[in-house]
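Chemist: Just dropping this structure here.
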Amino acid sequence: KSFDAHPRKDSQVRQLAWDGDGIWVSIRLDSTLRLFHAHTFQHLQDVDIEPYVSKMLGTGKLGFSFVRITALMVSSNRLWIGTGNGVIISIPLTDSNKATKAAGNQPGSVVYSDDSGDKVTAGTFVPYCSMAQAQLCFHGHRDAVKFFTAVPGHADPSASCGGEAAGEKTTDAAAQEGTKSMLVMSGGEGYIDFRMGDEDVEGEEGEQPPMKLHPSQAKAERSHLIVWQILDNED
């Protein structure tokens with residue numbers, strides 16, 4: 047069965063992210079994400095991320111370029127969004143759309159939400175975006191975010207000091223259990239800390255940047271992975 051994900055007939059679906067009974071859909075050259083019910087295909091929620099990207103980059107730097115969604119993934123009960131500007135947004139998911147309405151007309155708030163979405167089959171989970179808790183990542187890419195991936199991991203328990211021999215096994219087991227996490231990775235060209243900008247810093251004595259001195263090395267450094275550790279016991 048097919049259904050229209052966008053009113054424009056020439057629009058193209060770019061990414062899909064599924065969780066529970068909901069599917070988030072991104073459209074090519076569109077900054078709005080759309081949530082549909084996976085079984086009824088009901089349109090449940092729209093979220094426009096353009097105001098968030100403008101807030102990070104500034105409207106002057108954004109200019110007339112489109113805010114494109116280039117990567118999408120659900121992990122650790124969050125929707126991870128990567129854009130063509132290198133900005134990464136992480137939004138907690140909730141099973142109710144009531145929390146999303148409280149944000150009102152704030153930047154990045156929900157632009158569409160269907161009240162009947164709360165009447166889906168009991169016992170199911172629909173991953174509404176909780177925009178009031180949306181987070182902009184200070185770390186991003188200089189160019190488009192190419193992909194997301196997530197793998198399980200945990201912090202190294204050897205960093206903590208050991209105790210009595212009789213209690214070491216219990217302590218280590220508790221430490222390992224308490225530090226279970228997911229490692230979320232983004233891939234893209236270049237790296238930037240948006241708090242500092244992307245201006246090249248020259249050496250103290252006016253030296254040329256290393257990328258100009260070693261072009262072969264610069265080519266390899268253009269692709270970067272950024273890794274976040276998300277602890278299981280975090281809200």
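Numbering (my numbering), first residue to last: 47 to 281.
From the three backbone atoms N, C-alpha and C, an ideal C-beta is built for every residue, glycine too.
None of these values were measured; they are calculated from a predicted model.
(1) Could you tell me the alpha carbon to alpha carbon distance between residue 174 and residue 237, rounded to whole angstroms?
(2) Assuming residue 226 is part of the beta strand (DSSP E), what are its boundary residues?
(3) Is it right to say residue 242 is buried, meaning 16 or more other beta carbons lie within 10 angstroms of its own, or is it exposed?
(4) Can the beta-carbon of residue 234 be found closer than 9 angstroms to that of residue 132?
(5) Can you list, in chain order, the residues of its chain whose CB lies under 7 angstroms from that of residue 240, leaving out five sequence neighbours each side?
(6) What's the gap between the Cα of residue 194 and the Cα of residue 117?
(7) Can you grab the Cα-Cα spacing for the pair residue 112 / residue 56, in whole Å?
(8) Take residue 273 and list the residues in its own chain whose beta-carbon comes closer than 6 angstroms to its own, dropping the five residues that flank it on each side.
(9) Select from 64, 51 and 268 the residue whose C-alpha is nearest the C-alpha of residue 76.
(10) Buried or exposed, going by whether 16 or more other CB atoms sit within 10 Å of the CB of residue 79?
(11) For the beta strand (DSSP E) holding residue 277, just list the boundary residues, first then last.
(12) By Cβ distance, which residues of its chain are closer than 6 angstroms to residue 126, with the 5 residues on each side in sequence left out?
(13) Using a Cβ-Cβ cut-off of 9 angstroms, state whether residue 121 counts as contacting chain D.
(14) Leaving out five residues on either side along the sequence, give the residues of the same chain with a beta carbon under 7 angstroms from the beta carbon of residue 270.
(15) Would you decide whether residue 138 is buried or exposed? Buried here means 16 or more other CB atoms lie within 10 Å of its CB.
Modeler: On the basis of the coordinates in this document:
(1) 30 angstroms
(2) 226-235
(3) exposed
(4) yes
(5) 102, 184 and 186
(6) 7 angstroms
(7) 17 angstroms
(8) 229 and 231
(9) 51
(10) buried
(11) 269-277
(12) 119, 136 and 194
(13) Looking for chain D here will not work: only one protein chain is present.
(14) 187, 234, 236 and 237
(15) buried
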